[in-house]
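Numbering-wise (my numbering), the sequence shown opens with residue 247 and increments by one.
No residue lacks a Cβ here, since even glycine has one placed at the ideal position from N, Cα and C.
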Amino acid sequence: MKLSRIALAAGVAASTVLLIAGPAAAHVSVQPVGEAAKGGYATLNFKVPNERDQASTVKLEVNFPADHPLSSVTPQAVPGWKIDISKSKLDKPLEVHGKKITEAVSKVTWTADEGEIAPGYFQQFPVSVGALPEDADQLVFKAIQTYDNKEVVRWIEEPTAGGEEPDSPAPVLKLTAAAEDGHGGAANGAEKTDDSKAADTDASAKESSTAASSSSSDTTARTLGIIGIVIGIGGIAFGVLAGRRRSA
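Here it is in structure tokens:
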């Protein structure tokens with residue numbers, strides 16, 4: 247009986263720890279749709295959970311990295327939210343498709359108009375970005391979350407060298423290796439290309455075999471036709487000679 251009570255108490259304590267630790271682990275994060283390949287373009291989702299029981303999230307500010315400016319930043323419309331895009335001049339212009347870019351997006355702000363993130367819910371804010379840098383393994387987006395009770399949470403702490411997550415970590419986007427075609431395709435693009443080549447080879451072989459068979463059939467048909475004509479001419483000649491003999 248005592249052992250059962252001790253086990254029950256331990257289970258309740260463990261559940262309490264999990265419930266306390268759960269909300270603390272939730273924070274603003276960024277995830278690509280598919281992969282975010284170096285040198286390519288990607289769609290990013292900034293995921294914002296509401297961590298308060300008595301307040302709703304009404305504003306999100308995402309700062310884009312100044313050390314790796316992005317020439318193209320296009321947010322997707324989110325129902326119930328207004329979007330404000332801030333740009334700043336670049337110390338060093340970017341060369342994109344033969345055109346110099348002298349300014350880039352430095353911050354995107356979403357403000358609740360008719361919608362908000364209520365307690366127990368989260369919201370995603372999609373943004374299309376590019377071209378991703380080729381000389382970096384990750385991008386850090388510092389974010390600021392504001393609640394309707396005026397509370398402000400700054401998700402701006404960068405990951406430590408030891409790999410330990412700080413108390414208010416900034417959203418970090420991991421970049422994958424660039425595709426061979428240089429357009430930031432999927433990592434399995436090379437495998438698909440090889441499969442396509444193999445399929446093309448098989449198709450070519452089948453076409454060659456079909457053509458050879460067709461050519462052989464045509465040759466046989468022509469030969470039989472010529473033989474038939476020769477036999478026919480021979481038959482006619484035989485008939486003419488036979489007729490002349492009868493007449494004689």
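Check                                                                                                             : Outcome
Inter-stretch contact (C-beta, 8 Å, three-pair minimum) for the stretch 314-333 and the stretch 391-404           : no
C-alpha gap between K338 and T348, whole angstroms                                                                : 7 Å
Touch test, the stretch 354-367 against the stretch 301-310, Cβ-Cβ under 8 Å, three pairs minimum                 : yes
For P365, three-class secondary structure by DSSP                                                                 : coil
Buried/exposed call for A423, threshold 16 Cβ in 10 Å                                                             : exposed
Where the beta strand (DSSP E) containing S302 begins and where it ends                                           : It is not in any beta strand (DSSP E) - S302 carries neither H nor E in the DSSP assignment.
Given 8 Å, three or more beta-carbon pairs between the stretch 371-391 and the stretch 284-303                    : yes
Closest by C-alpha distance to Q322, when choosing among T406, A416 and V375                                      : V375
Beta-carbon proximity list for K420, same chain, < 8 Å, skipping 5 on both sides                                  : A282, D383 and Q384
Proximity to E380 [Cα-Cα], best of V276, N291, V294 and D313                                                      : D313
Other residues of its chain near E206: CB distance less than 8 Å, five sequence neighbours each side excluded     : Here the chain has residues from 247 to 494 only, and residue 206 is not among them.
Cα-Cα separation, N296 to K333                                                                                    : 28 Å
P365 versus V399 - alpha carbon distance                                                                          : 15 Å
Option in V418, K346, L290 and E341 with minimal Cα separation from T320                                          : L290
Close beta carbons around P278, own chain, < 8 Å, minus the five adjacent residues each side                      : A288, T289, L290, N291 and L419
Per-residue burial, H194 [other beta carbons within 10 Å of its own, 16 or more giving buried]                    : There is simply no residue 194 to check, as the chain begins at 247 and stops at 494 in what is shown.
For A416, three-class secondary structure by DSSP                                                                 : coil
Beta-bridge partners of T348, as assigned by DSSP                                                                 : None; T348 has no bridge partner.
Nonlocal neighbours in the same chain, by C-beta distance under 7 Å from G361, ignoring five residues either side : P325, G326 and W327
C-alpha distance - L340 paired with I363, whole-angstrom precision                                                : 37 Å
L265 to H273 span [Cα, whole Å]                                                                                   : At L265, the pLDDT of 35 sits below 50, so the modelled position is not reliable and the matter cannot be decided from this model.
Rounded C-alpha distance that separates Q369 from V276                                                            : 12 Å
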